[in-house]
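What follows is a set of notes on a single structure, which appears directly below.
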Amino acid sequence: MYHIVVAEDEHWLRSELTEMIERIGGGFTVIGEAVDGEDAWNMLHELWPSILITDIRMPRKDGMELLRNMDDAGLPIVSIIISGYDEFDYARQAVRYGVSEYLLKPVMQDELKEALLKSRDRLELFKELNGCFKFINAFMERLPQSAAKERNTELNTVIQEIWRAQTVFPKSRKSALTAFEGKLTALILGMDADYIPSESPDWNNKEAVTGYFRAMLEVWSFKSRAVSGQEVRQVIRKACEYIENHYMQPLTLVKVAGQANLSPSYFGHLFKQFTGQSFIGYLNGVRIRKAKVLLMEEDIKVYEAAEMVGFISLPHFNRMFKTIAGMTPNDYRKGMGF
142 MYHIVVAEDE HWLRSELTEM IERIGGGFTV IGEAVDGEDA WNMLHELWPS ILITDIRMPR
202 KDGMELLRNM DDAGLPIVSI IISGYDEFDY ARQAVRYGVS EYLLKPVMQD ELKEALLKSR
262 DRLELFKELN GCFKFINAFM ERLPQSAAKE RNTELNTVIQ EIWRAQTVFP KSRKSALTAF
322 EGKLTALILG MDADYIPSES PDWNNKEAVT GYFRAMLEVW SFKSRAVSGQ EVRQVIRKAC
382 EYIENHYMQP LTLVKVAGQA NLSPSYFGHL FKQFTGQSFI GYLNGVRIRK AKVLLMEEDI
442 KVYEAAEMVG FISLPHFNRM FKTIAGMTPN DYRKGMGF
């Protein structure tokens with residue numbers, strides 16, 4: 142089945158094109174009728190058709206701008222342009238956007254059928270990418286019922302499928318990934334989430350891309366389970382306990398986030414939200430507090446105290462101590478009477 146969106150501001154012509162396509166059959170079916178370019182642009186993202194039939198002149202967003210937007214976004218959609226005789230030279234400029242066929246008004250059914258058949262052949266070039274979009278759609282449909290472990294496994298499958306996409310469509314990988322990003326973002330924003338990963342990753346870095354989408358899924362999971370503030374505080378409380386018990390080790394945001402089974406970016410967001418401090422700020426605070434206790438022991442040297450609380454650089458320890466305690470370690474000891 143080849144799904145088609147028809148974009149035409151003249152109602153009679155839009156209806157006529159739809160009726161012609163119904164008569165042509167052959168697996169072609171109209172799934173959306175847009176009254177202008179802006180309407181069509183929204184439909185392309187909502188319906189993901191295989192073919193777009195668009196008039197070159199329309200209000201709000203004309204056909205040329207629509208094609209330009211599609212090209213920039215890398216949408217794997219074959220386009221057929223409709224134009225009048227006085228617009229044909231203008232319409233020919235659309236070749237840069239990969240237009241499949243041009244039809245002059247009045248549109249004849251035989252000409253439309255020929256254009257659709259040629260478009261169908263051209264769609265074979267997009268088969269790999271369309272497969273990616275099917276994986277994404279299937280993933281989004283299963284998302285509400287899937288368990289966390291299943292989600293991660295299926296996410297890896299989706300990313301792997303996108304990475305395997307053929308290069309016949311130059312923007313295929315980015316197109317699929319940004320579409321996936323858009324769907325997850327819309328899903329999260331629809332739940333009044335207060336956090337979305339701030340920056341898109343390097344789309345050519347598979348590990349970064351996987352981590353980015355995993356972080357988005359964690360946000361969705363928290364919101365979809367209606368996690369209460371008390372539950373989140375419990376997660377952060379356990380993380381703080383972990384820091385209190387392991388501060389002398391080389392702790393990182395990544396490591397502690399892993400203990401909480403959260404991505405570093407989302408964990409960092411929650412940690413600051415509920416403690417009022419960044420992770421590293423909190424960790425340094427714990428270490429300096431522990432160092433103060435050690436420095437009260439006359440036989441423990443400053444560099445030894447620094448090492449015992451997890452600092453590998455004495456100058457860094459001295460800077461952090463002064464920033465947090467308001468004095469150097471030596472001045473602190475003098476104040477204690479040493």
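Convert by adding 141 to the 1-based position in the sequence shown; the result is the number in my numbering. We treat Cβ as the ideally placed atom computed from N, Cα and C, and that holds for glycine.
Would you list, in sequence order, the uninterrupted beta strand (DSSP E) runs of no fewer than 3 residues that lie entirely inside the region 153-227? 169-175, 192-196, 219-224
Between Ala356 and the rest of its own chain, which residues show a CB-CB distance below 6 Å, the 5 nearest in sequence each way excluded? Pro338, Ser404, Ser406, Tyr407
Span of the beta strand (DSSP E), counted from its first residue to its last, around Val147: 143-148
Whole angstroms are fine: how far does the CA of Leu392 sit from the CA of Ile218? 48 Å
CA-CA distance, Glu439 and Val376? 38 Å
Per-residue burial, Glu514 [other beta carbons within 10 Å of its own, 16 or more giving buried]: Nothing about residue 514 can be reported from this structure: the residues present for the chain run from 142 to 479 only.
Write down the C-beta distance between Asp262 and Asp196 rounded to the nearest angstrom, noting that I regard them as a contact closer than 8 Å. Going by Cβ atoms, the distance from Asp262 to Asp196 rounds to 23 Å, so no, they are not a contact pair.
At what residues does the alpha helix (DSSP H) containing Tyr423 begin and finish? 420-436
If you draw a straight line from the alpha carbon of Arg314 to that of Ile303, how long is it in whole angstroms? 6 Å
Return the chain-ordered list of same chain residues with a C-beta closer than 6 Å to the C-beta of Phe462, the five sequence neighbours on each side being excluded. Ile429, Pro470
Short of 6 Å in beta carbon distance, which residues of its chain neighbour Val443, apart from the five on each side in sequence? Order them along the chain. Pro470
By the three-class DSSP mapping on this structure, what secondary structure does Tyr388 have? coil
Taking the CB atoms as reference points, tell me whether Ser316 and Gly215 lie closer together than 8 Å. yes
Can you have a look at Asp251 and say buried or exposed, based on whether 16 or more other CB atoms are within 10 angstroms of its CB? exposed
Name, in chain order, the residues that DSSP records as bridge partners for Tyr243. Ile222
Rounded distance between the beta-carbons of Trp182 and Leu207, thought under 8 Å: 6 Å
6 Å Cβ shell around Ala401 - same chain, five flanking residues per side excluded: Val376, Ala380, Phe408
For Val395, the first and last residue of its enclosing alpha helix (DSSP H): 394-400
Whose C-beta lies closer than 6 Å to the C-beta of Ala398 among residues of the same chain, with five residues either side of it excluded? Pro405, Phe408
Three-state class that DSSP yields for Trp344 in the structure shown: coil
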